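Visitor:
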Amino acid sequence: MNADFSKPYDPKITEEKIYQLWLDSGYFNPDNLPAQAGLPVAKIKNSKIKNYVVYMPLPNVTGTLHMGHALNNTIQDILIRYHRMKGYKTLWLPGTDHAGIATQYVVEKDLRKQNISRFELGREKFVEKVWEWKKKYGDAILNQLKKIGISADWSRTRFTMDEAYSQDVLKVFVHYYEKGWLYRGLRTVNWCPKDGTSLSELELEYEDTETKLWYINYPLTDSKSEIRNPKSEFITVATTRPETMLGDTAIAVNPADKRYKHLIGKTVVLPIQNREIPIVGDIAIDPKFGTGAVKVTPAHDILDFEIGQRHKLETIQVIDERAKMTVIAGKYAGLKAVEAREKIVNDLKEMGLLVKEEKYQTRVAKCYRCGTIIEPIPSNQWFLKMDKLGAMAKQAVKSKKVRIQPKNFEKTYLNWLENVRDWSVSRQIWWGHRLPVWFHEPKCVPKKGREKDSAKCEEMVVSLTEPECKYCEGKYIQSEDVLDTWFSSALWPFAGLSKEDAEKYYPGNVLVTARDIINLWVARMIFSGLEFKKKVPFTDVFINGTILAKDGRRMSKSLGTGIDPLNYIGLHGADATRFAIIWQASGQDIRWDEAAVMAGRKFCNKIWNASRFVIEQSGNPKSEIRNPKPRTAADKKILKKLAAVKKQTGKNIEKFEFSKALHDIYDFFWHEFCDIYIEETKKIHPVRNSPPQGPEGARRAGEISNGAGGNSAEILMYVLKESLKMLHPFMPFITEAIYGNMAEKNGLLMVEKW
RNA sequence: GGGCGUUUAGUUCAGUGGUAGAACGUUGCAUUCACAUUGCAAAGAUCGCUGGUUCGAUCCCAGCAACGCCCACCA
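The numbering used here applies: residue -1 is where the first sequence begins, and numbers increase by one.
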């Protein structure tokens, strides 16, 4: 494409055309790349060509582009474009994540507008609706990413619920099951009563709330008959959730607490329920908090559940999955938990067991999707044992098979793995990979003549296909649960590739991601890769910074501090936007300053005009200049500077010092090249009017290069071309557009030899 | 509570054991020269506070403060 130098640079017109040019070239696909960029195929020995593979962090299908994506993807694009120009076979694998809860939530909200609930629709119809939604909106974010100019191989785009991908997910489940690493257990989980699903700790949001702390007397057993007698012996506990006391199965105190030591082993009477429960000693109890004695409700508190496990306590569920009291709650059955709280507090007051209540600031856990208050309840879940897998992931980083940069994030990673708990992988939602687990229908229908075998029917089978019962006519029904979204995204580096591709493009090189998913995602990809491919999925993890609003707050929709990068692209172009992002991305936290976008735009203008000048003045020679001979001190200086900057830029990109690299190029191009060198050539050969194109231009150029001053059009052209190459990974559109005007080009700048 | 990080010009950030740099902004000057989305120049910083090491610290060490992030927990 020819850029029109008679007009100022207009990103709006140029960018779309250039992107199409890249798409048409097919060069985003490593299999279509010339044997080595910029060099004739014959000169290259195929065996020496190395791969450079980057797996894109999967955007959610529900996502819309934000500054974080823009930063993350610009960095990956710089790496990819640089390595492509260096002659690597570069694959950048894009895809989208089905994002179980998030997507189900969005579609449900959509349906609610039409007054339809998912329960009315039923599972099958609802899932169909989600697919429809996905087909309509699921690629929106990828299309937005294209606007920032990224060169991912779109022909390989995958979705985590594609047929082949899903098969891999289920196979992995079966594999773990067969290894004995998956187990089913009753566990008190964080339950969202609205979404009807369990949530991992990482899916919770906390909100400061004012509540009360109630101090309740539990009478010691031997004073049972004297409950109303103020002189009788009590143990006082403090709680924020009196309604859960109906399910208490112990009182816990710190074994070192002198006040209570003598009571360990004794029992108390649980008020209202009149059940006898033990007093146990447990180190998890902080003697300084409240009274130092805690009621233990394994069913409705995660810490209590763990205490319960240690002391073999019963789990009594008094709140159900809709946050209502169960039948075990007796006269409170059917009430919402909050209503029951009020009644119970009143009843305790009447019984004289409420010692006091005080105001208390606490943090309430809420569902990160819908904001509903979490209710811990016991529930049947699948867990993946983390002992072996966690150790593998830890070892990979400790042995430096995977390097995390900046280095201090290795601590974040290792620290998490030191204390990692088994991973709860089942979710009670409808959108996702349904567990390949089958339960035998309740009644056996014996096969003819085999009546006596029916007792052998397997209750549960883990299988990729619907199993048949060997002993009876009974059917198997698939589990209703689906897998945690991260279970499938953990497989991205290999499940995202076809079998053939997996041979060629696994393992990859670099993963660029944000710090908040180091544990959720990165660690899990590493152990999955090791378990299934016997190799780490990538050797470098680069943690990009976080873009904050200018006041230092997080950029987020809920705070209203979010900024849409597409606005900048629309106004000033993708190159200016990319420039602004990378220009500022030197540290971990980036306080976003819009002014940088304008600076980027000005820089585009400078590049455009300098290029116009150089190309026109030099007569746009057709033959490539490889080693121009310096004649003057200025010539020598600029060539020396160029060589130094180019070397440094390569180093900086490889060290993930993108901001530094861009500052260097900027400084070189604007100040060394434009302000000093170009001005110098003008002094020697003042040019009032642009020379004509064609032979006349070439003649004039010859005059310049052979002039008495000795300044060389060749050097101008050479430095420009080298600068465009250096700039290309950062600002791909404008550099490609200008390159299109050079008569000696061999194709596209994106595959020019660096 | 554990861990990590940040604190340098109006703003956003670089940086070095020998009293500091850029970009943007500000001010002045230039001008029809590829570019006014320009060029040249100037002003602008006791480098968070306190103490220590050192001939010398913004840079090393300790303490403090403010801000931020991550993890855990909050009965």
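All C-beta atoms in this analysis are idealised placements derived from N, C-alpha and C, irrespective of residue type, glycine included. None of these values were measured; they are calculated from a predicted model.
(1) Less than 9 Å between the beta carbons of PHE401 and THR242, yes or no?
(2) Rounding to the nearest angstrom, what Cα-Cα distance links ILE613 and THR733 in this structure?
(3) Helix, strand or coil for GLN359, going by three-state DSSP, please let me know.
(4) Locate the beta strand (DSSP E) running through VAL534, then write down its first and last residues.
(5) Quick one: Cα of VAL167 to Cα of PHE232, how far?
(6) Using 10 angstroms around the beta-carbon of VAL595, count the other beta-carbons present and answer buried if the total reaches 16, otherwise exposed.
(7) I need the boundaries of the alpha helix (DSSP H) containing GLY598, first residue and last residue.
(8) So for ASP255, helix, strand or coil by DSSP?
(9) Which term fits PHE287, buried or exposed, when burial requires 16 or more other beta carbons within 10 angstroms of its beta carbon?
(10) The alpha helix (DSSP H) with GLY98 in it runs from where to where?
(11) If distances are taken between C-alpha atoms only, which option among THR158, GLY136, PRO32 comes closest to LEU481?
(12) Could you pull out every residue in the same chain whose Cβ sits closer than 8 Å to the Cβ of PRO684, ignoring the five residues on either side in sequence?
(13) The ligand GTP and PHE731: does any heavy atom of the ligand fall closer than 8 Å to the residue's C-beta?
(14) Please give the ranges of any beta strand (DSSP E) in the stretch 239 to 327, keeping only runs that are unbroken, at least 3 residues long and fully inside the region.
(15) Answer with buried or exposed for ASP193, where buried requires no fewer than 16 other C-beta atoms within 10 angstroms of its C-beta.
(16) Would you kindly work out how many angstroms separate the C-alpha atoms of GLY543 and GLU408, rounded to a whole number?
(17) Residues in its own chain within less than 8 Å of LEU412 by CB, not counting five upstream and five downstream?
(18) At which residues does the alpha helix (DSSP H) containing ALA642 begin and terminate?
(19) Given that a residue counts as buried once 16 or more other Cβ atoms are within 10 Å of its Cβ, and exposed if not, what is PRO92?
(20) With DSSP collapsed to three states, give me the class of GLU750.
(21) Check for me: the beta strand (DSSP E) holding PHE437 runs from which residue to which?
(22) When you compare only the Cα positions, how much space is there between LYS531 and ASN507?
(23) Using only the alpha-carbon positions, how far apart do LEU143 and ALA593 sit?
(24) Would you mind sorting VAL235 into buried or exposed? The rule is 16 or more other CB atoms within 10 Å of its CB.
(25) Check this for me: beta carbons of ASN58 and THR101, under 9 Å apart or not?
(26) When the distance is taken between beta carbons, is LEU211 closer than 9 Å to GLU355?
(27) Anyone know if the C-beta pair for ARG182 and ASN27 falls short of 9 Å?
(28) Return helix, strand or coil for PHE666, following the three-state DSSP convention.
(29) Could you name the residues that DSSP lists as bridge partners for ASP160?
(30) Tell me whether the beta-carbon of ILE47 lies closer than 9 Å to the beta-carbon of LYS5.
(31) Using CA coordinates, which residue listed in ASP499, ASP662, VAL435 is at the minimum distance from GLU457?
(32) From LYS497 to GLN476, what distance separates their C-alpha atoms?
(33) At the level of alpha carbons, what is the spacing between ILE16 and LEU747?
(34) Taking only three categories from DSSP, how would you classify GLU348?
(35) Which class does VAL510 belong to by DSSP, given the choice of helix, strand or coil?
(36) Here's the rule: buried if 16 or more other CB atoms are within 10 angstroms of the residue's CB, otherwise exposed. What is VAL443?
Guide: Taking the coordinates as given:
(1) Against the first sequence, residue 401 aligns to sequence position 403. Against the first sequence, residue 242 aligns to sequence position 244. First, the residue type needs correcting, since residue 401 is Arg and not Phe in the sequence shown. Note that the C-beta distance between ARG401 and THR242 is not below 9 Å.
(2) As a working mapping, residue 613 is identified with position 615 in the first sequence. As a working mapping, residue 733 is identified with position 735 in the first sequence. Their Cα atoms are separated by approximately 13 Å.
(3) Within the first sequence, residue 359 is the residue found at index 361, counting from 1. GLN359: strand per DSSP, three-state reduction.
(4) Numbered from its first residue, the first sequence carries residue 534 at position 536. VAL534 -> no beta strand (DSSP E), and no H or E assigned at all.
(5) Residue numbering aside, residue 167 sits at position 169 when the first sequence is read from its first letter. Residue numbering aside, residue 232 sits at position 234 when the first sequence is read from its first letter. Cα to Cα, VAL167 sits roughly 55 Å from PHE232.
(6) Taking the first residue of the first sequence as 1, we reach residue 595 at position 597. Flag for VAL595 reads buried.
(7) For this step, residue 598 is matched to residue 600 along the first sequence. Element bounds for GLY598: 593 to 616.
(8) Taking the first residue of the first sequence as position 1, residue 255 is located at position 257. In the three-state reduction of the DSSP assignment, ASP255 falls in the coil class, being assigned neither a helical nor a strand state.
(9) For this step, residue 287 is matched to residue 289 along the first sequence. Under a 10 Å Cβ-count criterion, PHE287 is classified as exposed, with fewer than 16 other Cβ atoms of the shown protein chains found around its own Cβ.
(10) Residue 98 sits at position 100 when you count from the first residue of the first sequence. Segment 98 to 111, the alpha helix (DSSP H) holding GLY98.
(11) Start at 1 with the first residue of the first sequence, and residue 481 comes out as number 483. The shortest Cα separation from LEU481 among THR158, GLY136, PRO32 belongs to THR158.
(12) What you label residue 684 is simply residue 686 of the first sequence in a count that begins at 1. Its pLDDT being 48, under 50, PRO684 is placed unreliably in this model, and the value from its coordinates should be taken loosely. Excluding sequence neighbours, PRO684 sits near nothing in its chain.
(13) You won't find the ligand GTP in this model; it holds no ligand whatsoever.
(14) Complete beta strand (DSSP E) runs here, min 3: 248 to 251, 265 to 268, 273 to 279, 291 to 294.
(15) Within the first sequence, numbered from 1, the residue matching residue 193 stands at position 195. ASP193 is buried by the Cβ-count criterion.
(16) Sequence index remark: in the first sequence, residue 543 carries index 545 (1-based). Sequence index remark: in the first sequence, residue 408 carries index 410 (1-based). A direct Cα-Cα distance of roughly 15 Å separates GLY543 from GLU408.
(17) As a working mapping, residue 412 is identified with position 414 in the first sequence. Close CB contacts of LEU412 within its chain, under the 8 Å cut and outside five residues either way in sequence, are with LYS392, VAL395, LYS396 (chain order).
(18) Against the first sequence, residue 642 aligns to sequence position 644. That run of the alpha helix (DSSP H) goes 631 to 652.
(19) By 1-based counting over the first sequence, the position of residue 92 is 94. With 16 or more Cβ atoms within 10 Å of its Cβ, PRO92 is classed as buried.
(20) For this step, residue 750 is matched to residue 752 along the first sequence. Here GLU750 sits in coil by DSSP.
(21) Walking along the first sequence from the start, residue 437 turns up at place 439. First-last of the beta strand (DSSP E) with PHE437: 435 to 438.
(22) Start at 1 with the first residue of the first sequence, and residue 531 comes out as number 533. Start at 1 with the first residue of the first sequence, and residue 507 comes out as number 509. About 15 Å.
(23) Position 145 of the first sequence, counted from the start, is the residue given in the question as residue 143. Position 595 of the first sequence, counted from the start, is the residue given in the question as residue 593. Distance from the CA atom of LEU143 to the CA atom of ALA593, rounded to whole angstroms, is 22 Å.
(24) Indexing the first sequence from 1 puts residue 235 at position 237. Sixteen is the threshold: when 16 or more other Cβ atoms of the shown chains lie within 10 Å of the Cβ of VAL235, as they do, the residue is buried.
(25) Counted from its first residue, the first sequence places residue 58 at position 60. Counted from its first residue, the first sequence places residue 101 at position 103. Yes. Within cutoff.
(26) Here residue 355 refers to the residue found at position 357 of the first sequence. Here residue 211 refers to the residue found at position 213 of the first sequence. Pairing GLU355 with LEU211 gives a Cβ-Cβ distance under 9 Å.
(27) Taking the first residue of the first sequence as position 1, residue 182 is located at position 184. Taking the first residue of the first sequence as position 1, residue 27 is located at position 29. Cβ distance not < 9 Å, so ARG182 and ASN27 don't count as in contact.
(28) As a first step, residue 666 is located in the first sequence; it is residue number 668 there, counting from the start. The answer is helix: DSSP assigns PHE666 an H, G or I state.
(29) Here residue 160 is taken as the residue at index 162 of the first sequence, counted from 1. According to DSSP, ASP160 bridges with nothing at all.
(30) Along the first sequence, one-based indexing puts residue 47 at 49. Along the first sequence, one-based indexing puts residue 5 at 7. Contact check for ILE47 against LYS5 fails: the beta carbons are separated by 9 Å or more.
(31) For this step, residue 457 is matched to residue 459 along the first sequence. Of the listed residues, the one whose Cα sits closest to GLU457 is VAL435.
(32) In the first sequence, counting from the first residue as 1, residue 497 sits at position 499. In the first sequence, counting from the first residue as 1, residue 476 sits at position 478. Roughly 28 Å separates the two Cα atoms.
(33) Sequence index remark: in the first sequence, residue 16 carries index 18 (1-based). Sequence index remark: in the first sequence, residue 747 carries index 749 (1-based). One C-alpha to the other measures close to 11 Å.
(34) The residue you call residue 348 lines up with position 350 of the first sequence. Helix at GLU348.
(35) Your numbering for residue 510 matches position 512 in the first sequence. Three-state DSSP puts VAL510 in a strand.
(36) By 1-based counting over the first sequence, the position of residue 443 is 445. Counting other Cβ atoms within 10 Å of its Cβ, VAL443 stays below 16 and is therefore classed as exposed.
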